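Notes to accompany the following structure.
Number of protein chains: 2
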Amino acid sequence: MSSIVKQLDYIFKPASMAIIGASDNVAKWGHMVLDRPLHTGYKGAIYPVNPQGTKILGLPSYRSVKDIPGPVDLVVITTPASRVPAVMHECVEKGVKGAVLISAGFAETGGAGKKLQEEVVKIARAGGIRFVGPNCMGIWSAAASLNNAFESAPKPGEIAFISQSGTFGSYMAEMAATKGYGLRMFISIGNQADLTTADYIEYLAHDDDTKAIILYLEGVKDGRRFFDVCKETLKKKPIILYKGGSSAAGARATLSHTASIAGSDIVFQNACRQLGLIRSEESFQIFEVAMALLGQPLPPGRRMAVLGTGGQAVAIIDACQRLGLEIPRLDKITSARLAAMLPAHAPHPSNPVDFAGSYRTAVDEANVVETLLKLDYIDGVISNVPVNPLLWSKKLDKLGKPELLEQIQKLVDEGVGQFCGLPRKYGKPIACVRWHGDASKDTVSIKLTEAGIPVYDTPEQCARAMHGLVTYAEVRRRGNHA
Amino acid sequence: MSSIVKQLDYIFKPASMAIIGASDNVAKWGHMVLDRPLHTGYKGAIYPVNPQGTKILGLPSYRSVKDIPGPVDLVVITTPASRVPAVMHECVEKGVKGAVLISAGFAETGGAGKKLQEEVVKIARAGGIRFVGPNCMGIWSAAASLNNAFESAPKPGEIAFISQSGTFGSYMAEMAATKGYGLRMFISIGNQADLTTADYIEYLAHDDDTKAIILYLEGVKDGRRFFDVCKETLKKKPIILYKGGSSAAGARATLSHTASIAGSDIVFQNACRQLGLIRSEESFQIFEVAMALLGQPLPPGRRMAVLGTGGQAVAIIDACQRLGLEIPRLDKITSARLAAMLPAHAPHPSNPVDFAGSYRTAVDEANVVETLLKLDYIDGVISNVPVNPLLWSKKLDKLGKPELLEQIQKLVDEGVGQFCGLPRKYGKPIACVRWHGDASKDTVSIKLTEAGIPVYDTPEQCARAMHGLVTYAEVRRRGNHA
């Protein structure tokens, strides 16, 4: 096992944890980072540390980390910056292995803070402690159900999110949770005084339960190492990046936000492209694209077929072509075969295929998608979510024919079952777009998601997701030829 | 009153309506277009017409529209295409004024259908009937609570949506409803055999309750008239367009979808830019941008100031600059004034201004935004939603200090009240971006929205909305100088 894995396991899978600066005052960080793990499933030992307290949140509290009876893997430090060197010394004496340094007031505040930060790094390094931060908002690790970053525990999942912005990162993660995206890890990296993005990526590369790594970065420390680690990691799993500071005024803002020098965006963009990092134009797209990369096979090429309804298919195709995906015309034999599967008034199927708003079953749609995936000149399919007439069940109930409802349910189950099996059967990905407004009621979307087929609200999200798959597939092919 | 207003009022504000082809069979259009207005608030008389029925959905049914005792303003026709000429003849005899022709099987199917369509147009024109469609999915008109397009009634609002795709249009409208966007009108325009997009826009230009017009179009019939009508309408209200078929494969798809010839996208793009139509790159953005144009004053220029938190502010600024908005540095006096309003460790305020995740009240934030709006070199502000500590009230409750909760609520109310008054006070717009995941619980967002300040999930949506305001402001200024 590489040493980084062993070291960072103490931070992300600690058997015990002390909260230094723990507090009963709900307005303080020392309260939040103690209260959150207590209520969101962390199973290890938790020790509050505070010079005053005897009991905090009902737990016995210690005056110093050194007074804790058992071993302490991880400390979370929220004390004022000036006290952190002394605290770190005590942690070294105690034999602590890792730290999350929430406290602010270090390099981000200028010269004196920078010196203080260097002092803390020196103490930690000499004492064998690796640490996250300072000036960060904490972590979430599904491996240990360890959460000190969020009010509620995130949904566990396969995406690891490394964020250089605490507030914005945790907002994106919260918004992702409302959309059903699960998180394997969240790391608010802060000033990266000790551990840097490259370290986290190297660690996550070894974590088999992390299937995709997403990044919000404003600048990169030690660019060469960052790109080297990314290159190695990309052999195993995709990395998707949103980089803040791509504009002149944005770069100026990153300087005062995280003291990052955003550097030339063109140079950075070229490096990303060469390596095959997937770069998002918009912040939240890192989640949307990651979702497709979790459960779908990588497409053999960039030639897509589309099953969609009217303007939706048009918008999918426009978005695909903007992103450089190809939409081949279908051959005559396939076109004739598909025409026989569509209602008479539907447009002649070339690409897209369109049921023209007519009655069809999920089985009909699965058959069309299967026909498309079989083609040797098609590398993946973008499809509307298979039809689910039970969304209108209020009306169908009116018919007073329970046997009809049962029959429809059977067709839905059968079609969706077939549909969900197609990506594995043909080794080609499917991405789906919704066409009913109220997603929460759509059991078909839920089934697709569970089977690893990503479902999106808009045609453009869907096309971007497929583009992410194509980009990463090309990286992996390059790797295999190298 | 222009003749188009009078004619189209019969369609969008009918006193009485007949459904021709009405049916008790829930799977039929003739059922849906009767059932929907019955259950979603239409107050006028509704007459089912069907050669067989005596009662449909509990209403007395007529064998012919001519048998209906009272006058009939509007007919909704769902009979097979071949019967439509005869039906239209009867409508003329009855003195019907307008029609929505749901039936498909006309020009979209080729030569014979095209002829049939021409025949219907001839009969209607000779008889003084204007009509929507054929091959469309119906309309929603808030003015008459008239809905035959949606399963549930849309939320009434100030956006009118003209869509060349029925299914995709109604999906977008449904999704908009889940996000709280209200609709004044929805028109599924179908084949535009009689009434065209230009006619609807001309009508909506005269409707004072329509504050923004959004379009999903694949092609334009009679481009000169379309652009002339847009030019006139833009003097009164904004038009936001998503055009399908901007790519080669997309254009091919529109041809088989609505027989639209998408034409050269560059020519079209240039015409839009010259006129000042706001063109969306992605489909759902037509709604997002429209939202900002409903309730905000038009900015005097394109110079924006940003109040945001960390990476959020960076992403806002990057997105603004991509769209050509300017982010001026703040002058020294203002910068010093703002610094005094921020916590000591916050970065020196230039632009963006950032509270650096510290404690502040909504009043503090309103004061910062007001300071920015006062500047003669700032034309609008993009801000995070003012802070609402009551989102954490579960924790605040724990304090057992109800007087503290009251005090916080007072500060929130005061700050949000001040904030909501700023756009009018300074004649400059504000757009807000959320920074809490669970929007449904955020009463502050709701208050802002009610006051006309649009609230978005992502920094990029917010920047696009501001760009829409800037684009439309420039159109109006050009108009004033012409």
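Chains as they are written, first to last, in our numbering: chain A, 10 to 491; chain B, 10 to 491.
The beta carbon of each residue, even a glycine, is placed where N, CA and C say it ideally should be.
All values derive from a computational prediction rather than experimental measurement.
Is DSSP giving residue i helix, strand or coil here?
i      : result
I417/B : helix
C281/B : helix
Y209/B : helix
C145/B : coil
I198/A : coil
L347/B : helix
G424/B : helix
N376/A : helix
A328/A : helix
L381/A : helix
P358/A : coil
Y71/A  : strand
I287/B : strand
Y481/A : helix
Taking C-beta to C-beta, are residue i and residue j nearer than 8 angstroms?
i      : j      : result
S255/A : D231/B : no
V433/B : Q294/B : Checking the displayed sequence, the identity of residue 433/B turns out to be Arg instead of Val. The answer is no: Cβ separation not under 8 angstroms.
G249/A : A221/A : As written in the sequence, residue 249/A is Ile, which differs from the Gly given in the question. Yes. Within cutoff.
T380/A : R346/A : yes
V315/B : P361/B : yes
I275/B : I223/B : no
M146/A : F296/A : no
P352/A : A371/A : no
S292/B : E469/A : yes
L431/B : V396/B : no
M300/B : L334/B : no
V7/A   : A24/A  : Within the shown structure, residues of chain A are numbered from 10 to 491, placing residue 7/A beyond reach of any answer.
S154/B : K22/B  : no
E128/A : P94/A  : yes
F177/A : L192/A : no
T206/B : F236/B : no
For residue i, list the residues DSSP reports as bridge partners.
i      : result
K456/B : K456/B is not bridged to any residue.
A221/A : I168/A
E335/B : R312/B
N156/B : W149/B
F140/A : A108/A
M26/A  : I55/A and L83/A
K252/B : L226/B
Y389/A : According to the sequence as given, residue 389/A is Gly; it is not Tyr. Its beta-bridge partners are M313/A.
C100/B : Bridge partners of C100/B: none, in fact.
L192/B : I168/B
R233/B : Bridge partners of R233/B: none, in fact.
Y465/B : V442/B
I65/A  : L68/A
Flag residue i as yes if its beta-carbon sits less than 8 angstroms from any beta-carbon of chain D, otherwise no.
i      : result
F177/A : Going by chain labels, chain D is absent from the structure shown, which instead holds the protein chains A and B.
Quick test of the definition: if touching needs 3 or more C-beta pairs under 8 angstroms, does the segment 76–87 of chain A touch the segment 103–118 of chain A? Taking a cut-off of 8 angstroms for Cβ pairs, the segment 76–87 of chain A and the segment 103–118 of chain A touch, as three or more such pairs fall below it.
By the 7 angstroms beta-carbon criterion, what residues does the segment 320–340 of chain B contribute toward chain A? Listed by position along the chain: G320, Q321, A322, V323, A324, I326, D327, Q330, R331 and I336.
Residues of the segment 283–303 of chain A with Cβ closer than 7 angstroms to any Cβ of chain B, in chain order: The residues in question are E291, S292 and F293.
What residues in the segment 169–194 of chain B have a beta carbon less than 9 angstroms from any beta carbon of chain A? Residues S172, Q173, S174, G175, T176, F177, G178, S179, Y180, M181, A182, E183, M184, A185, A186 and T187.
Contact between the segment 418–428 of chain B and the segment 452–463 of chain B (3+ Cβ pairs under 8 angstroms): Touching, yes.
When the Cβ atoms of the segment 25–39 of chain A are set against those of the segment 118–137 of chain A, are three or more pairs found closer than 8 angstroms? Too few Cβ pairs lie closer than 8 angstroms, so no.
Got a sec: which bits of the segment 370–390 of chain B sit with their beta carbon under 9 angstroms from any beta carbon on chain A, in order along the chain? When CB distances to chain A are screened at a threshold of 9 angstroms, not a single residue of the segment 370–390 of chain B falls below it.
For the segment 201–210 of chain B against the segment 137–154 of chain B, are there 3 or more C-beta pairs whose distance is under 8 angstroms? The segment 201–210 of chain B vs the segment 137–154 of chain B: in contact.
Which residues, in chain order, does the segment 450–474 of chain B contribute to contact with chain A at a C-beta distance below 7 angstroms? Those would be D466, T467, P468 and E469, in chain order.
Should the segment 316–326 of chain A be regarded as contacting the segment 428–444 of chain A, the criterion being three or more beta carbon pairs within less than 8 angstroms? Counting Cβ pairs under 8 angstroms, three or more are found: they touch.
Cβ contact check for the segment 156–168 of chain B and the segment 48–65 of chain B: 3 or more pairs under 8 angstroms: The way I'd put it, the segment 156–168 of chain B does touch the segment 48–65 of chain B; three or more beta-carbon pairs between them come closer than 8 angstroms.
Determine which residues of the segment 58–92 of chain A have a Cβ less than 8 angstroms from any Cβ of chain B, and write them out in chain order. Those residues of the segment 58–92 of chain A placed with their C-beta closer than 8 angstroms to a C-beta in chain B do not exist.
Contact set between the segment 221–254 of chain B and chain A, restricted to residues whose Cβ is under 7 angstroms from the partner: Cβ contacts with chain A: Y225, E227, G253 and G254.
Report the residues of the segment 342–358 of chain A with a CB closer than 7 angstroms to any CB of chain B, ordered along the chain. Legend: CB atoms of the segment 342–358 of chain A lying less than 7 angstroms from CB atoms of chain B belong to residues H354, P356 and H357.
Quick one: which residues of the segment 112–144 of chain B get their C-beta closer than 7 angstroms to a C-beta of chain A? List them in chain order. Answer in chain order: A113, G114 and T118.
Using 8 angstroms as the Cβ pair cut-off and three pairs as the minimum, do the segment 335–343 of chain A and the segment 379–396 of chain A touch? By the Cβ test, the segment 335–343 of chain A is in contact with the segment 379–396 of chain A, since at least three Cβ pairs between them sit closer than 8 angstroms.
Please name the residues in the segment 195–208 of chain A whose beta-carbon is closer than 8 angstroms to at least one beta-carbon of chain B, in chain order. Using a CB distance below 8 angstroms, no part of the segment 195–208 of chain A faces chain B.
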